[in-house]
Amino acid sequence: MAKKAAASPCDSFEDLDFAPGVREARKAIQTWLPLLYLLISSAFYLRTYDSAQVKITLVQMGGLSLLGLWLSLLFLEGKRAFRKEDFIFLAPFFAYMAYIVISFLHAPYKGPSVDDFIRYSMYMSVSLIVIREFDLKAIDKLTKVLIATAYIATVYGLIQWLDTRYFPPKGVGPGIDPFIWRGAFGERVFSTYGNPNFFGNFLVLIFPIVLAQYLKTRSVYLVPLLFLDMFCLYFTFTKGAWLGFGISAILFAAIYVYFFTKFDKKMILKVYMGLLVIAVITVIGVVKYAQRTSSTSVPFRVATWLSTWEMIETHPLIGTGAGVFKVIYPAFRRPIIFHLEGKHNTETDHAENEHLEQVMDNGVIGAGFFYWIIAFVSFIAIKALKFNTEDVKGKGPAPVAYDILGYQTAFLGMLIHNFTDVSMRFVSSGVYLGLLPGVIINLSRGYALWQLHYMEEGEQRRQEKRENSKNMAAKIFAFLGVAAVFFFIYRIFSEYSELQGGIKNYAPGDSLQWFIAWAVLGGVVLYLGWSFCKVMLKGGSFSTTLVLGLSLLPIYYFWGWFKADVYHNMAIYFSKQSKWDDALSFYRKVNSHNPYFIMPYYFTGNVYNDRFNMSRIYKPEWGDTGEKPRTDLERAMGEYEKVRKIAPNYVQMHHQVGTLYMKNYEYLMNQGKKEEAADYLDKAMARFDMYQHLDPVFPYNYFRRAQIWMIKKEFQKAEQEYLNYINAWKCFTPGHKHESAEAYTNLGNLHYVMGKPKEALEDYRNALRLDPDFPVAKRNFGILGGMINVKP
């Protein structure tokens with residue numbers, strides 16, 4: 008447990024004679040990790056398709072850089088890297104990380120799982136790095152950086168609040184928020200997080216850390232931050248975050264009352280009863296408010312949770328596989344979701360409940376390791392709080408007790424909030440799953456693992472001689488590694504210059520981001536490059552240079568993912584302008600850098616589907632290869648099959664393929680190839696069948712199925728398609744119907760063809776009841792009514 012008198016426990020390690028490169032590597036790690044978290048929270052880049060892509064890239068590239076530095080440090084320390092006793096603290100993290108690997112390996116579709124696999128591997132790596140490398144002095148610096156991060160986020164949140172209330176709307180006039188995304192969520196503030204929900208999660212977890220630091224230091228500089236946090240939290244209008252904040256505050260109060268006050272047991276019991284009442288009122292109040300202000304929030308979550316539970320039941324023990332939720336979920340999605348969203352071409356990426364998704368991904372086994380981490384960290388924290396507050400009636404709590412209080416409450420608050428939220432599945436919030444447990448363990452113990460190793464070796468470690476520095480071959484290899492780093496830096500800068508373009512291409516408001524982006528990228532790349540080179544040269548070790556050199560490969564690979572997101576944004580820009588050749592060119596660039604990005608394949612297939620040029624020609628710029636000419640039918644199917652291999656039920660892919668087959672049916676019929684055309688009609692029906700199982704609400708799937716039955720002269724089946732749609736046969740909700748003027752009009756036209764004029768007239772009447780000005784129904788009702796002498 009942390010020693011109450013150890014104000015600076017790392018002072019006694021300053022004069023140690025570390026192995027060459029060890030001090031430099033550890034210093035780089037202790038500097039880069041806090042800066043990485045500041046950047047993940049604060050960075051956004053608006054030239055990518057996803058404004059938060061830069062946060063993902065920071066986790067991927069920055070996290071791999073951190074991991075490379077740490078592995079090089081472990082090689083430099085050799086046998087002193089770990090001891091058997093260390094695994095008492097590390098076992099839960101290693102177990103969960105190992106199971107993430109297993110879960111990824113048995114995932115049915117590994118492409119979409121790569122992102123989550125990398126994220127959770129990085130999160131657990133951060134826990135291990137903090138536990139081994141971060142002494143109390145480094146944690147104190149980390150805490151200061153997190154406070155600075157909170158100030159950046161909340162001050163920008165305040166700017167957004169002012170901008171949306173006291174300045175002209177976007178498109179009308181300039182505002183105080185200089186960035187192009189101003190007002191993206193109406194009056195809700197989202198700060199640098201790009202989403203009010205993610206911002207709310209950060210505010211929930213950072214508040215107890217700041218409050219604990221205030222109780223520890225009584226610094227007046229923290230008071231404005233506490234008020235800014237609560238102010239921004241309210242104006243995110245995120246009910247889940249409000250609930251998480253309320254429960255987190257109650258937990259903070261409960262722990263504080265028990266360990267930091269002089270209350271007797273009776274008084275503590277009374278306080279706890281009061282806190283319990285407040286907790287119940289908070290939960291009921293937030294839920295009632297959510298139901299009153301939004302008709303979709305609660306039912307959307309409940310429907311998603313029920314579907315997730317059904318997914319869990321398919322592989323309850325080992326899980327479905329890491330990061331596969333968005334691929335598997337469409338087959339389990341409930342019809343109510345389409346009504347709540349009012350859309351059919353959207354994805355649900357996550358379960359709106361981190362705990363359910365943990366079980367879905369990793370099964371009972373993997374989730375067990377996840378909860379082992381939570382239970383283990385909480386147990387260590389409680390033991391440390393007890394130890395550091397045992398003299399509360401005398402000298403008072405040890406300063407470190409306040410640190411433990413803040414971080415432990417933040418950890419539990421984040422986990423509780425994510426019973427109703429998905430924020431932890433996104434990097435801006437998820438990164439704290441790795442950081443908080445590691446910090447709590449080291450605060451509780453009082454030392455980093457490396458310190459404990461050197462404490463036991465004492466003077467023997469100070470007098471050791473080093474042989475590595477005499478190895479000339481290793482030094483030459485290190486210089487080659489440095490050359491590789493310089494080449495890497497050159498590639499990053501030159502490629503980013505192409506992506507970013509010159510400042511002349513930017514509007515005045517966007518030029519600020521141009522300068523900030525170059526400053527941040529330049530600073531990060533140069534600092535990490537310098538750190539890599541310094542460790543290589545100082546360490547003089549083959550293994551160290553090899554580890555750092557090899558780490559450049561995956562780092563550069565994920566740089567390609569960032570470029571892909573920029574290219575995707577450009578492709579969509581050209582698509583909106585109907586510049587199809589330019590759009591197709593950029594879509595191909597996207598997938599050349601990120602082959603697991605599903606959307607470009609789908610969009611490219613849709614471009615060929617819409618264009619439907621059946622001239623058989625060879626166009627490399629249209630994706631043709633091997634000098635083999637193709638039609639747009641073949642090109643579209645090629646892209647849709649790529650989608651299907653990665654995500655077999657991706658949004659409306661099956662419906663799009665069905666429409667493509669129907670177009671080819673019409674094309675072949677016009678060519679006089681009736682037998683060949685009939686096959687495509689059957690293929691279209693098969694795809695519409697598939698899509699109906701995924702989305703029994705989409706009207707045009709029914710309409711096109713009915714059209715096929717009409718072509719086949721099977722009018723009763725066509726009639727049943729329209730009735731199935733109107734009666735909402737797959738929604739299973741009494742009294743619920745999918746009535747629309749278009750559906751009734753189509754049914755009326757069919758009834759007329761079937762020789763049922765009275766039924767047709769009633770259908771037109773129903774259409775006009777829903778839309779009195781619907782032109783086709785209005786015209787047909789008048790004509791048919793006149794024919795059978797019926798008045799409206």
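Per the numbering used here, the sequence shown starts with residue 8, numbered consecutively.
Ideal Cβ placement from N, Cα and C applies to all residues, glycine included.
Which of helix, strand or coil DSSP assigns to residue i
| i | result |
| --- | --- |
| R637 | strand |
| I159 | helix |
| K719 | coil |
| E746 | coil |
| D123 | helix |
| N671 | helix |
| R473 | Its pLDDT being 46, under 50, R473 is placed unreliably by the model, and nothing is read from it. |
| H113 | coil |
| C738 | coil |
| A713 | helix |
| N202 | coil |
| V334 | helix |
| D398 | coil |
| Y707 | helix |
| E194 | coil |
| N576 | helix |
| R452 | helix |
| Y103 | helix |
| V446 | helix |
| M794 | helix |
| K144 | helix |
| S518 | helix |
| E359 | coil |
| L153 | helix |
| D589 | helix |
| S301 | coil |
Alpha carbon of residue i to alpha carbon of residue j, nearest angstrom
| i | j | result |
| --- | --- | --- |
| Y241 | I107 | 36 Å |
| F695 | A59 | 35 Å |
| M644 | Y657 | 14 Å |
| K583 | Q663 | 19 Å |
| F244 | R195 | 6 Å |
| H357 | V121 | 15 Å |
| A417 | L443 | 8 Å |
| G70 | M129 | 6 Å |
| I795 | K763 | 12 Å |
| S304 | A286 | 21 Å |
| G509 | F610 | 29 Å |
| V527 | G546 | 28 Å |
| R711 | T752 | 14 Å |
| G530 | V331 | 36 Å |
| D123 | F433 | 9 Å |
| T396 | G453 | 15 Å |
| Y615 | P703 | 26 Å |
| K62 | G253 | 28 Å |
| H743 | A735 | 7 Å |
| D617 | Y674 | 14 Å |
| L135 | A713 | 59 Å |
| G801 | S301 | With the chain running from 8 to 799 in the structure shown, residue 801 is simply not present. |
Cβ separation of residue i and residue j, assumed to be a contact under 8 Å, to the nearest whole Å
| i | j | result |
| --- | --- | --- |
| S800 | G326 | Nothing can be reported for residue 800, as the shown portion of the chain is limited to 8 through 799. |
| A804 | Y52 | A query on residue 804 cannot be resolved here, the shown segment of the chain reaching from 8 to 799 and no further. |
| G488 | M543 | 5 Å |
| L768 | G792 | 6 Å |
| A750 | F781 | Going by Cβ atoms, the distance from A750 to F781 rounds to 11 Å, so no, they are not a contact pair. |
| Y668 | A691 | 4 Å |
| N598 | R54 | Contact flag wrong, Cβ pair sits at about 19 Å. |
| L555 | G75 | 5 Å |
| P306 | L347 | 6 Å |
Bridge partner(s) assigned by DSSP for residue i
| i | result |
| --- | --- |
| I624 | R637 |
Min CB distance residue i to chain B below 7 Å
| i | result |
| --- | --- |
| F394 | Included in the structure is just one protein chain, with no chain B present. |
Any non-hydrogen atom of the ligand ZN within 6 Å of residue i CB
| i | result |
| --- | --- |
| L149 | Ligands in the displayed structure: none, and consequently the ligand ZN is not present. |
Just checking, does the stretch 377 to 390 make contact with the stretch 184 to 195 on the three C-beta pairs under 8 Å criterion?
-> With a cut-off of 8 Å, the stretch 184 to 195 and the stretch 377 to 390 do not count as touching, because too few Cβ pairs lie within range.
Counting Cβ pairs, one atom from each stretch, are 3 or more of them under 8 Å apart for the stretch 627 to 635 and the stretch 590 to 598?
-> Under the three-pair Cβ rule at 8 Å, the stretch 627 to 635 counts as touching the stretch 590 to 598.
Stretch pair the stretch 35 to 44 + the stretch 533 to 546: three plus CB contacts closer than 8 Å | Under the three-pair Cβ rule at 8 Å, the stretch 35 to 44 counts as touching the stretch 533 to 546.
Meets three-Cβ-pair contact criterion under 8 Å: the stretch 213 to 224 and the stretch 406 to 418 | Yes, since at least three Cβ pairs between the stretch 213 to 224 and the stretch 406 to 418 fall closer than 8 Å, the two stretches touch.
Taking 8 Å as the threshold, find out whether the stretch 148 to 162 comes into contact with the stretch 96 to 107 through three or more Cβ pairs.
-> Counting Cβ pairs under 8 Å, fewer than three are found: no touch.
Three or more beta-carbon pairs under 8 Å between the stretch 242 to 262 and the stretch 196 to 206, yes or no?
-> Taking a contact to require three or more Cβ pairs closer than 8 Å, the stretch 242 to 262 and the stretch 196 to 206 qualify as touching.
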